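Undergrad: Please read through the structure below; I'll follow up with questions.
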Ligand SMILES: Nc1nc2c(ncn2[C@@H]2O[C@H](COP(=O)(O)OP(=O)(O)OP(=O)(O)O)[C@@H](O)[C@H]2O)c(=O)[nH]1
Ligand SMILES: [Mg+2]
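Residue numbers (UniProt numbering): 1 to 258.
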């Protein structure tokens, strides 16, 4: 990270929300040249990506496995491991290095319930934070309100941690293949975040899909990467040419005109 600018992404979310699934799916898409708008440039952690994506490859006799990824456990309970990915944007050739941590959901729970944030210190260098949310819980009437409140609490914790200067937040709602979040729900979520003095963009994704005819596996991930990087800057023209306006220099000519 010392030699190049790296876009660090903070990835938070409850256990089983789909954090690892997003990373595994991102890797599978890019390695099959299917991430719209982006091409693969390099990765220093191919083995780690292979490890998290392996589950998705172990198809049992043509049947989709029950679990595509396994619960994340880290050997070091104090620091996350980062996955590295260098991607090139097709539209303008910009190359972006991402550092993507795959952390267990318990770390997010510990932040919300007990404000344990030391091991999330790395997020201070993050440009963007993904808050991964299980779309099934958000669609479930009984679980919805509790989940929205907890996302609000998480946002409030982040506000404290960053002393009001939170990086851009993206709420990544998984399971779009089976549960589509209606605008009423996203509106409530946005209002809760506003109440906590924050705001976020909401993106629906389906890293894997149980309904591949309707929603393809990897749905929304290209958009997630687009939003993570942000729009290409409109560069102003360096030196605008302007027509000479008559009498513009009248002040300089002032004495001469006398
Ligand atoms: N069909 C479908 N399955 C998904 C989707 N997102 C996640 N899953 C599955 O949900 C399960 C849990 O996802 P993970 O990515 O392992 O969850 P996690 O957030 O990393 O959980 P921890 O590591 O325990 O914190 C896995 O079996 C995934 O395959 C989705 O959009 N659609
Ligand atoms: Mg995980």
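Positions of the beta carbon are idealized from the N, C-alpha and C atoms, including for glycine. Only a predicted model underlies this, so the values are computations on that prediction, with no experimental measurement involved.
Alpha carbon to alpha carbon, how far is residue 40 from residue 150?
TA: Translated into the one-based positions of the chain shown, residue 40 becomes position 40. Translated into the one-based positions of the chain shown, residue 150 becomes position 150. Straight-line Cα distance between these residues: approximately 36 Å.
Undergrad: Should residue 34 be counted as a contact of ligand 2 given a C-beta to heavy atom distance under 6 Å?
TA: Residue numbering aside, residue 34 sits at position 34 when the chain shown is read from its first letter. Every heavy atom of ligand 2 is 6 Å or more from the Cβ of residue 34, so no.
Undergrad: Residue range of the beta strand (DSSP E) that residue 7 falls in?
TA: Counting from one through the chain shown, the residue named residue 7 turns up at place 7. Here the beta strand (DSSP E) through residue 7 covers 6-13.
Undergrad: Which residues neighbour ligand 3 when neighbourhood means a C-beta less than 7 Å away from any of its non-hydrogen atoms? List them by chain order.
TA: Looking for ligand 3 in the displayed structure turns up nothing; the ligands present are ligand 1 and ligand 2.
Undergrad: Sorted by chain position, which residues of the same chain lie with C-beta nearer than 6 Å to residue 4's C-beta, five sequence neighbours on each side aside?
TA: Stepping through the chain shown from its first residue, residue 4 is reached at position 4. Answer for residue 4: 97, listed in chain order.
Undergrad: What three-state label does DSSP hand residue 107 in the structure shown?
TA: Taking the first residue of the chain shown as position 1, residue 107 is located at position 107. If DSSP states are grouped into helix, strand and coil, residue 107 belongs with the helices.
Undergrad: Does any heavy atom of ligand 1 sit closer than 6 Å to the C-beta of residue 177?
TA: Here residue 177 refers to the residue found at position 177 of the chain shown. It does: the Cβ of residue 177 is within 6 Å (strictly closer) of some heavy atom of ligand 1.
Undergrad: Is residue 214 helix, strand or coil when you go by DSSP?
TA: As a first step, residue 214 must be located in the chain shown, where it is residue number 214. Three-state result, residue 214: coil.
Undergrad: Does the region 110-119 come close enough to the region 21-36 that 3 or more CB-CB pairs lie under 8 Å?
TA: no
Undergrad: Thinking C-alpha only, which one of 192, 144, 178 is nearest residue 212?
TA: Translated into the one-based positions of the chain shown, residue 212 becomes position 212. Nearest C-alpha to residue 212: 178.
Undergrad: Any idea if residue 112 is buried or exposed, counting beta-carbon neighbours within 10 angstroms, 16 or more meaning buried?
TA: One-based indexing of the chain shown puts residue 112 at position 112. Buried: at least 16 other Cβ atoms inside 10 Å.
Undergrad: Thinking just about the alpha-carbon of each residue, which of 106, 18, 36, 140 is nearest to the one in residue 226?
TA: Taking the chain shown and counting its residues from 1, the one referred to as residue 226 is at position 226. Per the Cα distances, 36.
Undergrad: Go to residue 188, then tell me how far its alpha helix (DSSP H) extends in each direction, as first and last residue.
TA: Position 188 of the chain shown, counted from the first residue, corresponds to residue 188. Note, residue 188: alpha helix (DSSP H), 183-195.
Undergrad: Within the same chain, show all residues whose beta-carbon is closer than 6 Å to that of residue 15, passing over the 5 residues directly before and after it, in chain order.
TA: If you number the chain shown from 1, residue 15 lands on position 15. Taking C-beta separations shorter than 6 Å and ignoring five residues to either side along the sequence, the partners of residue 15 in its chain run 105, following chain order.
Undergrad: For residue 228 versus residue 205, is the C-beta spacing smaller than 7 Å?
TA: Here residue 228 is taken as the residue at index 228 of the chain shown, counted from 1. Here residue 205 is taken as the residue at index 205 of the chain shown, counted from 1. The answer is no: Cβ separation not under 7 Å.
Undergrad: I believe residue 152 touches residue 192 by the beta-carbon criterion, under 8 Å. Please report the beta-carbon distance rounded to the nearest angstrom.
TA: Within the chain shown, numbered from 1, the residue matching residue 152 stands at position 152. Within the chain shown, numbered from 1, the residue matching residue 192 stands at position 192. Contact holds; Cβ gap of about 4 Å.
Undergrad: Since residue 84 contacts residue 44 with CB under 8 Å, what's their CB separation in whole angstroms?
TA: For the purposes of this step, residue 84 is taken as the residue at position 84 of the chain shown. For the purposes of this step, residue 44 is taken as the residue at position 44 of the chain shown. Residue 84 to residue 44, Cβ: 4 Å. Contact.
Undergrad: Grab the span of the beta strand (DSSP E) containing residue 204 for me, first residue to last.
TA: Position 204 of the chain shown, counted from the start, is the residue given in the question as residue 204. Segment 201-204, the beta strand (DSSP E) holding residue 204.
Undergrad: Where does the unbroken alpha helix (DSSP H) through residue 39 begin, and where does it stop?
TA: Residue mapping note: residue 39 aligns to position 39 of the chain shown, counting from 1. No alpha helix (DSSP H) holds residue 39; the beta strand (DSSP E) holding it covers 38-42.
Undergrad: Rounded to whole angstroms, how far is the Cβ of residue 170 from the Cβ of residue 127, which I believe are closer than 8 Å?
TA: In the chain shown, counting from the first residue as 1, residue 170 sits at position 170. In the chain shown, counting from the first residue as 1, residue 127 sits at position 127. At roughly 11 Å, the Cβ-Cβ gap does not stay under 8 Å, so residue 170 and residue 127 are not in contact.
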